[in-house]
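Below is one structure, written out as structure tokens; the observations come after it.
Shown next as structure tokens:
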């Protein structure tokens with residue numbers, strides 16, 4: 001066998017390694033646009049989100065906490081600018097913080113039992129994870145550093161807010177979100193977490209992993225809640 005024949009045989013024997021098998025599979029995602037499997041999300045402008053948040057706050061001021069909560073969850077902001085998404089997240093958190101602990105479970109149960117309630121509770125779960133991920137629950141809006149510094153005789157400057165107050169506020173806000181998370185799991189079951197993590201509509205409501213939240217909550221280990229799952 002000549003050198004050319006040997007080289008050709010060697011090349012042919014190794015050529016299969018370079019074949020793109022996925023390109024030959026008619027069911028492969030390379031052969032069609034996977035984005036067509038999902039319906040397009042409605043785009044929301046910043047003006048639309050501001051108007052929605054204004055209506056929600058008006059309901060909240062009128063004492064209709066459940067109506068305000070439903071208004072937030074029935075109109076989730078998926079396809080919008082980051083500013084609009086953050087603004088709606090802050091509105092959701094403001095509503096959650098205004099509801100008394102004794103009203104949380106009854107209100108969630110009414111929402112869950114209503115038509116389309118399971119999806120509304122899943123939307124709430126997304127916003128809870130988003131709030132935990134960004135630490136946005138510490139205030140009703142974006143924080144800016146204070147510039148009101150008072151010179152002291154010691155040569156140091158005194159900041160208006162006492163040291164550690166921001167951390168305390170963040171901890172209190174996180175406690176509210178964790179309390180709501182526990183109530184959602186009690187009402188909707190662990191299936192709400194699974195649906196939240198697998199939902200492709202995650203723009204602006206990204207799901208955080210358990211490891212970044214901290215130790216595994218005790219209610220995650222409750223096997224009895226699996227029976228409450230509605231698929």
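Residue numbers (full-length UniProt numbering): 1 to 231.
Virtual Cβ for every residue (Gly too), placed ideally from N, Cα, C.
Where residue 62 and residue 186 are concerned, what is the direct C-alpha to C-alpha distance, given to the nearest angstrom? 29 angstroms
Buried versus exposed call for residue 106 [16 or more other C-beta atoms within 10 Å across all chains shown]: exposed
Bridge partner(s) assigned by DSSP for residue 43: 79
Beta-carbon contacts of residue 66 that lie in its chain and below 6 angstroms, excluding the five residues immediately before and after: 107
Beta-carbon proximity list for residue 16, same chain, < 7 angstroms, skipping 5 on both sides: none
Alpha-carbon to alpha-carbon, residue 174 and residue 33: 40 angstroms
Residue 56 and residue 80 closer than 9 angstroms at C-beta: no
Start-to-end residues for the alpha helix (DSSP H) that takes in residue 195: 191-198
Assigned exposure category for residue 91 - 16 Cβ within 10 Å defines buried: buried
Write down the C-beta distance between residue 126 and residue 196 rounded to the nearest angstrom, noting that I regard them as a contact closer than 8 angstroms. 5 angstroms
Just reading off the alpha helix (DSSP H) that residue 62 is part of, what are its end residues? First-last for residue 62: undefined, no H or E at that position.
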